[in-house]
Amino acid sequence: MLQVDDLNLYYGASHTLRNVSLTARKGEVRCLLGRNGVGKSSFLRALVGIESIRSGRIVWEDDDITDLPPHRRAQRGIGYVPQGREIFPMLTVAENLQTGMAPLRRSERYIPDEIFGMFPVLKSMLKRRGGDLSGGQQQQLAIGRALVTRPRLLILDEPTEGIQPSIIKDIERVIRLLAERGDMAILLVEQYYEFARDLATELAVMVRGEIVVSGPVDAIPEHEVRRHLTV
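All residue numbers for the sequence shown refer to the numbering used here, where the first residue is 113 and numbers rise by one.
Shown next, in the form of C-alpha cells:
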C-alpha cells in the first residue's frame, strides 16, 4: 500500500501542497481530481521524487521512501506516466520502450508481450519515431514505457488529456485490466469526473493544494465532487 502523510511542498514562498494525505492499495484505482493549477501534478512529482517536499512522509510497501531519489523509487516498483507524455520524439517506439528498462535487473530487460496485447498499435510501429505518432499513440507509448518497469504502483497524470475518444476507451480498458489483476496499485490524476467515476475505487478532490473531499466513489455525492471541478 502507498501511504502519504501530511505532505507539504513549496515553490519559493508559494505553499503548493498543504498537509496532503492519501492512500492507494493494490487491486484498486485511487483517483485525484481537481481543476488546473491546484497542485495535482506537483503531488505526483513529489511521489516519484522529482520535487522535494518540505515536510511529510511517503511510505510504499512498508518502507519509508521519502528521501529516496527518483531512480531508487523506480527500482522499488513505482512507474510514472507524466502529464504531456514526455516521450523521446527522436527515438523509435522500440527505443522509447527500452528506456523503461533502466531500473530493472539485467535478466528483466525485455519488453513483456502483454504490453503489445494491451496496445497492439505499438508493435506495428516499433521502428517509427515517437515524434511521428499521434497524441493518442504517444500516450499509449508512455503507458507502455511505464509498464516495462514492472510497476507495483502505477501513477498516471491526466492520461486522457488531448486524446481522441477511441483511445480514451483503450486506456480505460487497460487501467481496468491492470487493477483487476490485483498486483498493482493505481493512482490516477484526472479532470474528467465521468472517467474517474467509472474506473476509481476511491476518489479524492484537491482544491488549492488541499484534499477537501475523499472516500469511496459510491459514498461521495456527484454534486459534491462537481462543485469543486467547475470553473
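Yeah, the Cβ is synthetic: ideal placement off N, Cα and C, and Gly gets one too.
query                                                                                                                                          : result
I298 bridges to which residues according to DSSP?                                                                                              : V141 and L266
For H127, which of helix, strand or coil comes out of DSSP?                                                                                    : strand
Give me the Cβ distance between L145 and L315, rounded to the nearest whole Å; I'm assuming they're in contact under 8 Å.                      : 6 Å
Starting from Q115, follow its DSSP beta bridges and name the residues at the other end.                                                       : T135 and V171
Is the beta carbon of L253 sitting closer than 7 Å to the one on I199?                                                                         : yes
Hey, out of R157, I170 and L129, whose CA is closest to G135's CA?                                                                             : The sequence given here places Thr at residue 135; Gly does not occur at that position. Checked all of R157, I170 and L129; the closest Cα to T135 is I170.
Assuming P182 is part of the alpha helix (DSSP H), what are its boundary residues?                                                             : P182 to Q187
Locate the alpha helix (DSSP H) running through E334, then write down its first and last residues.                                             : E334 to R338
What do you reckon, are the CB atoms on L259 and M296 nearer than 7 Å?                                                                         : no
Assuming contact is defined by CB atoms lying nearer than 7 Å, are F155 and L129 in contact in what I supplied?                                : yes
To the nearest angstrom, report how far apart I323 and D282 are at their CA atoms.                                                             : 29 Å
Please report the distance separating the alpha-carbon of A206 from that of I332.                                                              : 42 Å
Taking the continuous beta strand (DSSP E) assigned at A326, which residues delimit it?                                                        : Contrary to the premise, residue 326 reads as Ser rather than Ala in this sequence. Unbroken beta strand (DSSP E) run through S326: E322 to P328.
If you drop the 5 nearest sequence neighbours on each side, which residues of the same chain put their C-beta closer than 7 Å to that of R221? : M213
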